[in-house]
Structures are given as C-alpha cells and as structure tokens.
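A.B. asks: Position 233 of the sequence shown, counted from 1, bears residue number 577 in this note's numbering, the numbering being contiguous throughout. Before I ask anything, let me first share the structure, which is written out below as structure tokens.
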Amino acid sequence: MTFKYFIFLSVCLLAGRVANSQHSNKTIQIDIQKLLNARPVTTVTDGKLQTWVTGIDGGGKGDGYLTADAAKLNGDHDTHALPDNPLIPANSFHPATLLHYKNGDNGNQSLNVAGIDSFSFDVPHKKYSGLYLSLTSSEGPSQLYITLTYSDGSEFKDFKLPDYYDDIPEGNSNLSYLVHDLAKWGQGNKITENDHHNIDVLNIHPDPGRILKKVTVSKDKAGYLVFWAATGVTE
C-alpha cells in the first residue's frame, strides 16, 4: 500500500464515519402548538398583508417582524426580513429549526411572556444530545430557570438570555443565532429599525444518558420573552 493510497483510504473512512454519525442523529421539531398565543410576524395571504398583532417588544405593542414577501409588498426592498421559508437550515451551532409563521396563514406564531411567568411542554420520551429553544428577549435580558423532567427525576438549570439587540460573544456554548441582523416594523408595518435584531437559540443541554419527558421554563419579572420553537436532537 502506497503512502498516498493510505492517506486517501483514511480520508474516505473518516468521511464515512462523519456521514454515518450525521445520518444517525435525528432532529425532532417539538410540538408547542397549544402554547402559541401571539402573532408577531406580518405575512402575506392572497396578495394582502396579514399584519402582526402582538409584537416582539413594547409589551407586545412595540414592533414585529415581516417575512421577505411581506416586506416587498410593503415597499421595503433590500431589508433584513425573515425568510419566507420558516424552516431555518441547520448549521454548526444548531439543527434545522421550524418556526411557526407562514405566508398564507393567519394563525398564532409564538408564545409571548411578560413579567413573572412559566410554561411547560412535553417532548417525545427519548434521550437527547441537545434541546434548542428559539427565543427573543426584549426590554433587556430575561433570566430563565429551566426544569428538565426525566423518567428518573429532574434537573435544574439557569440561563440568562440577552436582549435581542445584543451580540452573542464568540465561544458561547449555550447561545447562538437562529436568524441574525433583522429589521423590525412598528404599528402599521412602518419600519422602525433597519437591522441588528436577532432570534437567538438556547441549547439547554439535556443529560444525553437520561430519557427526557418534559421541559418547564420560568422567567423573572425583567424582560419580555418570545418563545418561537423547540427542536431536539437524538442519537
């Protein structure tokens, strides 16, 4: 066996292991439909704007996002709008994540939480290597208290979610961007800021050796929280 062939074979074997590993991981879009109580994204239906109702800041009255088609119809060209496809592709920081807005649909899209409150959602009973919450906090950061309920007990974790205008420091193992550098629109779909707003992703790092059943999220008084989606990764 020549040295070059040995290197080629080694690279092929490594690529095969990576491909098999990626194939064996499964992404699960967690069903949070029953929690959704707000509509912070303006969409398009039959050529007309379906305007956001409960927004992403100002206690729900301040601003909302627009899809790309809605922004174009609104006359806002080349703006930083949400993609029309609500399935945000995977990258090295988070799995593919399905948000709940859609052009042609006027239903609720998120859970909005003001003040001291909590919410829970069940997950398929599995072992998870990661569980990713898509969130925004406005009016400052939100202090979050997470309870992970397993088949054999519970685990408690605390996270601080930054304001959605703030950049995430490099090397943060918990937080990443789902959608970065967004514009926002006020009442009547009037653009108020052109960029620098984010939908963040928080990996709450469940114990991969335990079967997860339920997640509870509690928050302090400070911050206005929008919960967009939950996505799990199993092996």
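Think of the CB as a built atom: it goes at the ideal place given N, C-alpha and C, for glycine as much as any other residue.
Please list, in chain order, all residues of the same chain as N542 whose beta carbon is under 6 Å from its beta carbon, the five residues on each side excluded.
C.D. replies: Taking the sequence shown and counting its residues from 1, the one referred to as residue 542 is at position 198. Excluding positions up to five away in sequence, the list reads Y508, Y521, H524.
A.B. asks: Would you give the residue range spanned by the alpha helix (DSSP H) that L417 belongs to?
C.D. replies: For the purposes of this step, residue 417 is taken as the residue at position 73 of the sequence shown. 412-417 is the span of the alpha helix (DSSP H), which, as asked, contains L417.
A.B. asks: Helix, strand or coil for G576, going by three-state DSSP, please let me know.
C.D. replies: Counted from its first residue, the sequence shown places residue 576 at position 232. Three-state DSSP puts G576 in a strand.
A.B. asks: Around the Cβ of H421, are there at least 16 other Cβ atoms within 10 angstroms (buried) or fewer (exposed)?
C.D. replies: Within the sequence shown, residue 421 is the residue found at index 77, counting from 1. Result: exposed.
A.B. asks: Closer than 8 Å, CB to CB, is L505 near chain B or not?
C.D. replies: Looking at the structure shown, chain B is missing, and only one protein chain is on hand.
A.B. asks: So Y568 packs on E483, CB below 8 Å; how close in whole Å?
C.D. replies: Counting from one through the sequence shown, the residue named residue 568 turns up at place 224. Counting from one through the sequence shown, the residue named residue 483 turns up at place 139. So it is a contact: roughly 5 Å between Cβ atoms.
A.B. asks: Give me the Cβ distance between V583 and G474, rounded to the nearest whole Å; I'm assuming they're in contact under 8 Å.
C.D. replies: Since the displayed the chain opens at 345 and closes at 579, residue 583 lies outside it and no answer follows.
A.B. asks: Cutting at 6 Å between CB atoms, please list the residues of its own chain near I432, excluding the five before and the five after it.
C.D. replies: Stepping through the sequence shown from its first residue, residue 432 is reached at position 88. Here the set comprises T441, L522.
A.B. asks: Tell me the residue span of the beta strand (DSSP E) that contains K405.
C.D. replies: Reading the sequence shown from its first residue, position 61 is the one you call residue 405. First-last for K405: undefined, no H or E at that position.
A.B. asks: Counting only runs that start and end within the stretch 472-538, where is the beta strand (DSSP E) found for 3 or more residues in a row?
C.D. replies: Listed in chain order, they are 486-494, 497-505, 519-529.
A.B. asks: Can you list, in chain order, the residues of its chain with a C-beta nearer than 6 Å to that of G360? Leave out the 5 residues immediately preceding and following it.
C.D. replies: Here residue 360 is taken as the residue at index 16 of the sequence shown, counted from 1. Unreliable placement is indicated for G360, whose pLDDT of 39 sits below 50; the coordinate value is still reported in the next sentence. If we look at G360 and ignore the five residues flanking it on each side, it has no Cβ neighbours.
A.B. asks: List the whole-angstrom C-beta distance separating I460 from K563, where the pair is believed to meet the contact cut-off of C-beta under 8 Å.
C.D. replies: For this step, residue 460 is matched to residue 116 along the sequence shown. For this step, residue 563 is matched to residue 219 along the sequence shown. Contact holds; Cβ gap of about 7 Å.
A.B. asks: How would you call P513, buried or exposed, if buried means at least 16 neighbouring beta carbons within 10 angstroms?
C.D. replies: Residue numbering aside, residue 513 sits at position 169 when the sequence shown is read from its first letter. P513 comes out exposed.
A.B. asks: Between D539 and T480, what straight-line distance do the alpha-carbon atoms span, to the nearest angstrom?
C.D. replies: Here the question's residue 539 lines up with position 195 in the sequence shown. Here the question's residue 480 lines up with position 136 in the sequence shown. Taking the straight line from one Cα to the other gives about 15 Å.
A.B. asks: Look at the Cβ atom of A574, then the Cβ atom of I400, and state whether they are nearer than 8 Å.
C.D. replies: By 1-based counting over the sequence shown, the position of residue 574 is 230. By 1-based counting over the sequence shown, the position of residue 400 is 56. The answer is no: Cβ separation not under 8 Å.
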